[in-house]
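Q:
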Amino acid sequence: MTPAGGALPITIRDATKAYGRIFALDNIDLDIRSGEFMTLLGPSGSGKTTLLMVLAGFTRPDYGSIKFGEREIVRTPPHKRDLGMVFQNYALFPHMTVADNVAFPLKLRGVSKPEAEQRVEQALETVQLGGYGERRIDQLSGGQRQRVALARAIVFEPRILLMDEPLSALDKKLREQMQIELRRLHDKLGMTTVYVTHDQREALTMSDRIAVINHGRVMQLGTPNEIYERPANRFVADFIGESTFLPVSVQDGVANFAGQTLKVAQLPGSTDHLLLMLRPERLQLITNGTEIVDDEVNAFRASVREMVYQGDSFLMYTALEDGTEVTVRGMTRRDMVSNLPAIGDAVQLALHSDDTVLVAAGEA
Amino acid sequence: MKWFSRPASETQITNGQRLWLYVVAWLVMIFLLAPTVIVIPMSFSDSQYLEFPPRVWSFRWYEHYFGSPAWMQATATSLKAGVLTMLVATPIGVMAAYGLFVSKMRAASLIFLILVMPIMVPVILVAIGVFYVYVKVSLVNSLLGLVLAHSILAIPLVVVVVSSALKSYDMNQEMAARSLGASRFKAFMVITLPQIRFSVITSALLSFLTSFDEVIVAMFVSGGENSTLTRNMFNALRDQIDPTIASISTIMIIVSTSLLILAQAFGKSDNES
Chain A
1 MTPAGGALPI TIRDATKAYG RIFALDNIDL DIRSGEFMTL LGPSGSGKTT
51 LLMVLAGFTR PDYGSIKFGE REIVRTPPHK RDLGMVFQNY ALFPHMTVAD
101 NVAFPLKLRG VSKPEAEQRV EQALETVQLG GYGERRIDQL SGGQRQRVAL
151 ARAIVFEPRI LLMDEPLSAL DKKLREQMQI ELRRLHDKLG MTTVYVTHDQ
201 REALTMSDRI AVINHGRVMQ LGTPNEIYER PANRFVADFI GESTFLPVSV
251 QDGVANFAGQ TLKVAQLPGS TDHLLLMLRP ERLQLITNGT EIVDDEVNAF
301 RASVREMVYQ GDSFLMYTAL EDGTEVTVRG MTRRDMVSNL PAIGDAVQLA
351 LHSDDTVLVA AGEA
Chain B
1001 MKWFSRPASE TQITNGQRLW LYVVAWLVMI FLLAPTVIVI PMSFSDSQYL
1051 EFPPRVWSFR WYEHYFGSPA WMQATATSLK AGVLTMLVAT PIGVMAAYGL
1101 FVSKMRAASL IFLILVMPIM VPVILVAIGV FYVYVKVSLV NSLLGLVLAH
1151 SILAIPLVVV VVSSALKSYD MNQEMAARSL GASRFKAFMV ITLPQIRFSV
1201 ITSALLSFLT SFDEVIVAMF VSGGENSTLT RNMFNALRDQ IDPTIASIST
1251 IMIIVSTSLL ILAQAFGKSD NES
């Protein structure tokens, strides 16, 4: 079921869409590579869904250009764009059987009945719903509906697949299972996939690259690793993962924080208004009071304020000497739990220089 | 009497304590139904005049009705007007309801109000207005004029019924159909229409009845060979009290009630699907 003629790259130039005085899309340039799994990640109202609707053809941008391959499609109506789309609430047709739903795009393309039947069954098998063709939609669970919607979107072998938060209605366990499944399906079929979500973990799990979007602009474009490890600005750092941000001053290429020099792997280009990003899981808890002497580790003195047990991990709220609150996450392994400090104890927080990331305080 | 001490519903109140409510409810039902139902026995009377209860039973007034060319022509006019009104009002009303539903215009609710206005103002006002316009454009006493005037009254019903059906319809389905390769028109015909079909059928039946039962507008704009059944009945009542009216009424009651029951049945299954 791989797309005939291969996947298509998508080129977005200057895409702009304003609703009144609010820019849902503000001059977006984005190149989506052929066969890539690209996730548009952002909070609600960021413009990510608008961008997807522009790709699907349901929203026309005020100006800008959208190309599928070499073909300019900004004025092409949705039904002539030849792309598969999966909607948030599945949008299955309740008055048709599962097989009729999946056969719908084939019928519109004039595929002969025997061939259509065969391709429908093949698509249903691809989403692990072989033999479900005669079921009615209301006899299916949420996860099965999701699969039918997917089968319907891929059965005509589109070269581009769009997905609008397709897993948001599923419970956590099923959602995580479907994330892996969707990714495998993408690798198997090889079409260009554009996936919209507000769930950062989902984006990190599934994507080749992530475009973090806010206020109608691309805040950062990069691999999951780049986005998480080297966020371009405070918005991205804040939106992906949990972090504490602490102001840092830079003089003569040396970063200072709370009276101590920070060992940093790399300084950002601009050194105005920098923040130190502290990820709770990257801080190491030192409880035995040994002095840390390591060229590659920053150490901060702190005292324990509060502990929260979360099953697989614990959160420890600590306060630095100047009173700043910093959160540390640790796994609840036996060796860690056995010598956890009590509330009020003095501890040290160690941070490797590679994890000592400075981000610009501004957004852009 | 065990029945008296049994609970009336999921409460502690017994049927005995509820007795007054049952009496009131039945009185209201009788009050509503009696004037309509009373013509049925009257229509089977052998008497020259409308009488209740009939002393001698007979079918003669049904024979008189079916044997009268004037009554038959009026019946034909009413049926034609009813069917044509249905054919005009249903598509226009469905299109209007759909348009208002998908429209993001601020004026949409204003347009909705304008569309349903004809059922909010007294029909006599519509009738007078239509009459004066028709005099100018020579549509008085024509079938076309009658159908257009009845459509004014029927379209609001279609808009209201179909709008409420669309409210529970998920428009994303149409978007999905379009993304899968269906034009907008095709998506509406194949995906949306089948799912709101029961309310469309219901509103078509109501459109027919609106025209078939209507008398006030018909008094003003129908006449001559295009007189409706209701108009002729009204005139017959004024000129001579003839039990033929009762037999026609009985037939109309049966037609209208059956259509309303049909409409209700269809309306129900829309909600279920």
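Protein sequences appear in the order of chains A and B. Be aware that the first sequence starts at 1, since it is given in the working numbering, and climbs by one per residue. Be aware that the second sequence starts at 1001, since it is given in the working numbering, and climbs by one per residue. Cβ atoms here follow ideal geometry from the backbone N, Cα and C, with glycine treated the same way.
Out of curiosity, what's the CA-to-CA distance linking residue 185(A) and residue 237(A)?
A: The residue labelled residue 185(A) in the question sits at position 185 within the first sequence. The residue labelled residue 237(A) in the question sits at position 237 within the first sequence. Each residue's alpha carbon lies about 30 Å from the other.
Q: I'd like to know whether the C-beta atoms of residue 1226(B) and residue 1077(B) end up nearer to each other than 8 Å.
A: Locating residue 1226(B) in the second sequence gives position 226, where the first residue counts as 1. Locating residue 1077(B) in the second sequence gives position 77, where the first residue counts as 1. The answer is yes: Cβ separation under 8 Å.
Q: Find out if the Cβ-Cβ distance for the pair residue 246(A), residue 358(A) is shorter than 8 Å.
A: Translated into the one-based positions of the first sequence, residue 246(A) becomes position 246. Translated into the one-based positions of the first sequence, residue 358(A) becomes position 358. Not a contact, by the Cβ cut-off of 8 Å.
Q: State whether the stretch 1111-1124 of chain B contacts the stretch 1145-1160 of chain B, with contact taken as three or more CB pairs (one from each stretch) at a distance under 8 Å.
A: yes
Q: Can you give the Cα-Cα distance for residue 1272(B) and residue 10(A), rounded to whole angstroms?
A: Taking the second sequence and counting its residues from 1, the one referred to as residue 1272(B) is at position 272. Taking the first sequence and counting its residues from 1, the one referred to as residue 10(A) is at position 10. Summary for residue 1272(B): the model assigns pLDDT 48, below 50, so the residue's position carries little reliability; its value from the coordinates is reported in the next sentence. Straight-line spacing of the CA atoms in residue 1272(B) and residue 10(A) works out to 43 Å.
Q: Can you give me the Cβ contacts of residue 232(A) inside the same chain, cut-off strictly under 7 Å, excluding the 5 residues immediately before and after it?
A: The count along the first sequence starts at 1 and reaches residue 232(A) at position 232. Counting only Cβ-Cβ distances below 7 Å, and skipping sequence neighbours, we find 219, 220.
Q: Check residue 352(A) in the structure and name its three-state DSSP category.
A: The residue you call residue 352(A) lines up with position 352 of the first sequence. Correct three-state label for residue 352(A): strand.
Q: Establish whether the CB of residue 108(A) and some CB of chain B are separated by less than 8 Å.
A: Here the question's residue 108(A) lines up with position 108 in the first sequence. Among the CB atoms of chain B, one or more fall inside 8 Å of the CB of residue 108(A).
Q: Is the CB of residue 1182(B) under 8 Å away from at least one CB in chain A?
A: What you label residue 1182(B) is simply residue 182 of the second sequence in a count that begins at 1. For residue 1182(B), the answer is yes, since a Cβ of chain A falls inside 8 Å of its Cβ.
Q: Would you mind telling me which residues of chain B sit closer than 9 Å to residue 152(A), beta carbon to beta carbon, in chain order?
A: Reading the first sequence from its first residue, position 152 is the one you call residue 152(A). By Cβ distance, chain B contributes 1176, 1180.
Q: Ignoring anything shorter than 4 residues, give me the alpha helix (DSSP H) runs that lie fully in the stretch 1222-1262 of chain B, in order along the chain.
A: 1229-1239
Q: Just to confirm before moving on: does the CB-CB distance between residue 227(A) and residue 248(A) stay below 8 Å?
A: Taking the first residue of the first sequence as 1, we reach residue 227(A) at position 227. Taking the first residue of the first sequence as 1, we reach residue 248(A) at position 248. Against a cut-off of 8 Å, the Cβ pair of residue 248(A) and residue 227(A) comes out as no contact.
Q: Measuring only between beta-carbons, confirm whether residue 95(A) sits less than 8 Å from chain B.
A: Here residue 95(A) is taken as the residue at index 95 of the first sequence, counted from 1. Chain B, which has a Cβ nearer than 8 Å to the Cβ of residue 95(A), makes this yes.
Q: Is the beta carbon of residue 196(A) sitting closer than 8 Å to the one on residue 327(A)?
A: Taking the first residue of the first sequence as position 1, residue 196(A) is located at position 196. Taking the first residue of the first sequence as position 1, residue 327(A) is located at position 327. No, the pair does not count as a contact, with Cβ atoms beyond the cut-off.
Q: So does the stretch 1183-1201 of chain B actually touch the stretch 1238-1251 of chain B, counting three or more Cβ pairs closer than 8 Å?
A: no
Q: Which residues in chain A have a C-beta closer than 7 Å to the C-beta of residue 1201(B)? List them in chain order.
A: Stepping through the second sequence from its first residue, residue 1201(B) is reached at position 201. What residue 1201(B) touches in chain A, judged by beta-carbon distance under 7 Å, is nothing: the nearest beta carbon there is about 15 Å away.
Q: Among 1079(B), 1168(B), 1174(B), which one has its Cα closest to the Cα of residue 1214(B)?
A: If you number the second sequence from 1, residue 1214(B) lands on position 214. Cα-wise, what sits closest to residue 1214(B) is 1079(B).
Q: Check each candidate in 296(A), 56(A), 275(A) and name the one with the smallest Cα separation from residue 78(A).
A: In the first sequence, the residue the question calls residue 78(A) occupies position 78. Of 296(A), 56(A), 275(A), the residue nearest in Cα terms is 56(A).
Q: With DSSP collapsed to three states, give me the class of residue 187(A).
A: For the purposes of this step, residue 187(A) is taken as residue 187 along the first sequence, with counting starting at 1. Reduced to three states, the DSSP call for residue 187(A) is helix.
Q: Are at least three pairs of beta-carbons, each pair with one atom in the stretch 1198-1208 of chain B and one in the stretch 1080-1088 of chain B, less than 8 Å apart?
A: yes
Q: Does residue 64(A) come out as helix, strand or coil in the three-state DSSP assignment?
A: The sequence position of residue 64(A) within the first sequence is 64, counting from 1. The answer is strand: DSSP assigns residue 64(A) an E or B state.
Q: Going by the DSSP bridge assignment, what does residue 347(A) pair with across the sheet?
A: Here residue 347(A) is taken as the residue at index 347 of the first sequence, counted from 1. 302(A), per the DSSP bridge assignment.
Q: What residue does the beta strand (DSSP E) around residue 214(A) start on, and which one ends it?
A: Start at 1 with the first residue of the first sequence, and residue 214(A) comes out as number 214. Segment 209-214, the beta strand (DSSP E) holding residue 214(A).
Q: In the DSSP assignment, what are the bridge partners of residue 249(A)?
A: Working through the first sequence from its first residue, we reach residue 249(A) at position 249. According to DSSP, residue 249(A) bridges with 256(A).
Q: Between 149(A), 51(A), 108(A), which has its C-alpha nearest residue 128(A)'s C-alpha?
A: Along the first sequence, one-based indexing puts residue 128(A) at 128. Cα-wise, what sits closest to residue 128(A) is 149(A).
Q: Could you tell me which of 324(A), 304(A), 280(A) sits nearest to residue 369(A), measuring between CA atoms?
A: Nothing about residue 369(A) can be reported from this structure: the residues present for chain A run from 1 to 364 only.
Q: Looking at the strands, I want to know which residues DSSP matches up with residue 263(A).
A: Your numbering for residue 263(A) matches position 263 in the first sequence. The partner list for residue 263(A) (beta bridge, DSSP) is empty, contrary to what the question assumes.
Q: With 16 as the cutoff for other CB atoms within 10 Å, does residue 66(A) come out buried or exposed?
A: Here the question's residue 66(A) lines up with position 66 in the first sequence. Flag for residue 66(A) reads buried.
Q: How is the beta strand (DSSP E) around residue 322(A) delimited, first residue to last?
A: Counted from its first residue, the first sequence places residue 322(A) at position 322. Counting along the chain, residue 322(A) falls outside any beta strand (DSSP E), and DSSP gives it neither H nor E.
Q: Strictly below 7 Å CB to CB, what residues from chain B border residue 79(A)?
A: By one-based count along the first sequence, residue 79(A) stands at place 79. Those are 1178, 1181, 1182, 1183, listed as they occur along chain B.
Q: Quick check: the stretch 1101-1117 of chain B against the stretch 1250-1266 of chain B, are there 3 or more CB pairs under 8 Å?
A: With the cut-off at 8 Å, the stretch 1101-1117 of chain B and the stretch 1250-1266 of chain B do not touch.
Q: What residues in its chain sit with their C-beta under 7 Å from that of residue 360(A), if we drop five residues either side in the sequence?
A: On the first sequence, position 360 is the one that residue 360(A) refers to. Only 233, 234, 268, 270, 273, 274 meet the Cβ criterion.
Q: Helix, strand or coil: how does DSSP classify residue 76(A) here?
A: As a position in the first sequence, residue 76(A) is number 76, starting the count at 1. Of the three classes helix, strand and coil, the one that applies to residue 76(A) here is coil, per DSSP.
Q: Measuring only the C-alpha atoms, how far is residue 332(A) from residue 17(A)?
A: Counted from its first residue, the first sequence places residue 332(A) at position 332. Counted from its first residue, the first sequence places residue 17(A) at position 17. Rounded to the nearest whole angstrom, the C-alpha separation of residue 332(A) and residue 17(A) is 48 Å.
Q: Closer than 7 Å, Cβ to Cβ, to anything on chain B: give me those residues from the stretch 49-67 of chain A, in chain order.
A: 56, 58
Q: With distances taken from CA atoms, which of 295(A), 151(A), 71(A) is nearest residue 99(A)?
A: On the first sequence, residue 99(A) is found 99 positions in, with the first residue counted as 1. Checking every option, the nearest Cα to that of residue 99(A) belongs to 151(A).
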